[in-house]
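Residues 265 to 387 (this note's numbering) make up the sequence shown, in order.
No residue lacks a Cβ here, since even glycine has one placed at the ideal position from N, Cα and C.
All remarks here apply to the structure that follows.
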Amino acid sequence: MQNYKSLKVWQDAYQLTLHVYQKSKSFPKEEIYGLTSQIRRACISIPNNIAEGCGRNTNLDFAHFLQISLGSTNEVDYLNLLAKDLGYLSFEEYLELDEQLNKIRAKLINLIQQVRKNKNVER
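In structure tokens:
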């Protein structure tokens, strides 16, 4: 079993999740079961699937869970844009989250490619 906590992409995704939870506290109360819940659940999915994939026995399984994390990254990216356009996040807050998401996305894509090629990856 891999130690997911040692993966830089997991660490970044975990910090993003904490950041999104903090920022979404100020979303309107009527969004508690809407956008607030959705962006939080999508964000949790990123490090969660990395961790779950690390517990799998094959690189194919690991890559599958990394792919799910990548999909969740794209979902949070969209929800971040929506939150900005609805006025729930300032442009600066949006950019800060967008930068984190872009870094996570790039790291996930790189890791997926390495795992699929069966390279020895420091996880």
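Label residue i either buried or exposed according to how many other C-beta atoms from any shown protein chain fall within 10 Å of its C-beta, with 16 as the threshold for buried.
i	result
asparagine 312	buried
glutamine 279	exposed
alanine 370	exposed
asparagine 267	exposed
aspartate 349	exposed
leucine 282	exposed
threonine 322	exposed
valine 284	buried
Tell me the residue span of the alpha helix (DSSP H) that contains residue i.
i	result
glutamate 360	355–380
threonine 322	Premise fails: threonine 322 is in no alpha helix (DSSP H) and is neither H nor E.
Hey, is residue i close to the ligand ZN, as in C-beta under 7 Å from one of its heavy atoms?
i	result
threonine 300	Within the structure as shown, the ligand ZN is missing, as the structure has no ligands at all.
Let me make sure I understand the geometry here. Which of the options has the alpha-carbon closest to that of residue i?
i	options	result
glutamine 302	Glu360, Tyr358, Tyr342	Tyr342
isoleucine 332	Asn382, Lys272, Ile376	Ile376
lysine 287	Ala327, Glu356, Gly335	Glu356
tyrosine 358	Ile368, Lys367, Leu345	Leu345
lysine 269	Lys289, Ile314, Leu353, Glu363	Ile314
leucine 271	Leu330, Leu299, Thr300	Leu330
arginine 304	Asn374, Asp325, Ser336, Gly317	Ser336
request  = Kindly provide the ranges of any alpha helix (DSSP H) runs that are 4 or more residues long and lie completely inside the segment 287–343, ordered along the chain.
outcome  = Complete alpha helix (DSSP H) runs here, min 4: 299–318.
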